[in-house]
Amino acid sequence: MTGSGGLPLLFLDVDGPLLPFGPATGPSGSHPTYSTGPVPPGAGAHPLLARIDPGLGPRLAALDCELVWATTWTHGANEVVAPRLGLPALPVVLWPGMSSADARDARAGLHWKTRTLVEWAGGRAFAWVDDEIGEADRRWVAAHHGERALLHRVDPGRGLTDDDFRLLDTWLRMM
Ligand SMILES: [Mg+2]
333 MTGSGGLPLL FLDVDGPLLP FGPATGPSGS HPTYSTGPVP PGAGAHPLLA
383 RIDPGLGPRL AALDCELVWA TTWTHGANEV VAPRLGLPAL PVVLWPGMSS
433 ADARDARAGL HWKTRTLVEW AGGRAFAWVD DEIGEADRRW VAAHHGERAL
483 LHRVDPGRGL TDDDFRLLDT WLRMM
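Here you go:
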């Protein structure tokens, strides 16, 4: 367990980890789709939502962490993604507008989410699950976050897999 703030946070991206896109890299060679019964309000506008595997919800809920949306969907994740997964409304990271620091970060290869997530974590240990994480993000977090952090890149052609869950579960249990 962490010394401050209880459970580690898990910052969760939607496009890629939960909603696969681009060339499918999974065993079936295409993106499977799932029916979840009644379509939540607003979901009809997002036909790709059918790619979200509702079975991921209970697996995420079972992880020993506090789930937080870290996605451009912001509050939309609670409106249309959480119901498909059977998850309650989760805290949402909101992104500040583009600043000169962001342009500098982009040139340095830093993801535009990285600074905000470290700030949001406020010194709590966190895992970050995203399809766009790179080495520059890992280095920056190691240098600027005083707690443990796991930056885990997921293959967007496949979404979260058993291997990803095993790795996350193992890391969270070591906390
Ligand atoms: Mg993504």
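Numbering (our numbering), first residue to last: 333 to 507.
In this text, a Cβ means the ideal position worked out from N, Cα and C, and glycines have one as well.
Keep in mind it's a predicted model, so treat the numbers as computed, not measured.
Range covered by the alpha helix (DSSP H) that runs through residue i
i, result
"residue 476", "467-476"
"residue 459", "Premise fails: residue 459 lies in the beta strand (DSSP E), 458-462, not in any alpha helix (DSSP H)."
"residue 503", "494-505"
"residue 358", "Per DSSP, residue 358 belongs to no alpha helix (DSSP H) and is neither H nor E."
"residue 416", "414-417"
"residue 389", "388-393"
Those residues which DSSP pairs with residue i across a bridge
i, result
"residue 347", "351"
"residue 443", "Partner(s): none; residue 443 has no beta bridge."
"residue 342", "399, 459"
"residue 425", "Note: residue 425 sits in no beta bridge, so no partner."
Segment limits, beta strand (DSSP E) that includes residue i
i, result
"residue 401", "398-401"
"residue 483", "481-485"
8 Å contact criterion, which residue i and residue j should meet: CB distance rounded
i, j, result
"residue 340", "residue 457", "4 Å"
"residue 424", "residue 448", "Not confirmed; about 12 Å, so no contact."
"residue 440", "residue 468", "6 Å"
"residue 344", "residue 389", "Rounded, the Cβ-Cβ distance is 11 Å, inconsistent with contact."
"residue 462", "residue 348", "7 Å"
"residue 413", "residue 350", "7 Å"
"residue 352", "residue 489", "6 Å"
"residue 465", "residue 436", "Contact flag wrong, Cβ pair sits at about 19 Å."
"residue 429", "residue 455", "No, residue 429 and residue 455 are not in contact; Cβ-Cβ is about 25 Å, not under 8 Å."
"residue 460", "residue 402", "7 Å"
"residue 504", "residue 396", "5 Å"
Any non-hydrogen atom of ligand 3 within 6 Å of residue i CB
i, result
"residue 396", "Ligand 3 is absent from the structure shown, which contains only ligand 1."
Legend entry - Residues with C-beta closer than 6 Å to any heavy atom of ligand 1, in chain order: Taken from the N-terminal end onward, the list reads 345, 347, 348, 462, 463, 464.
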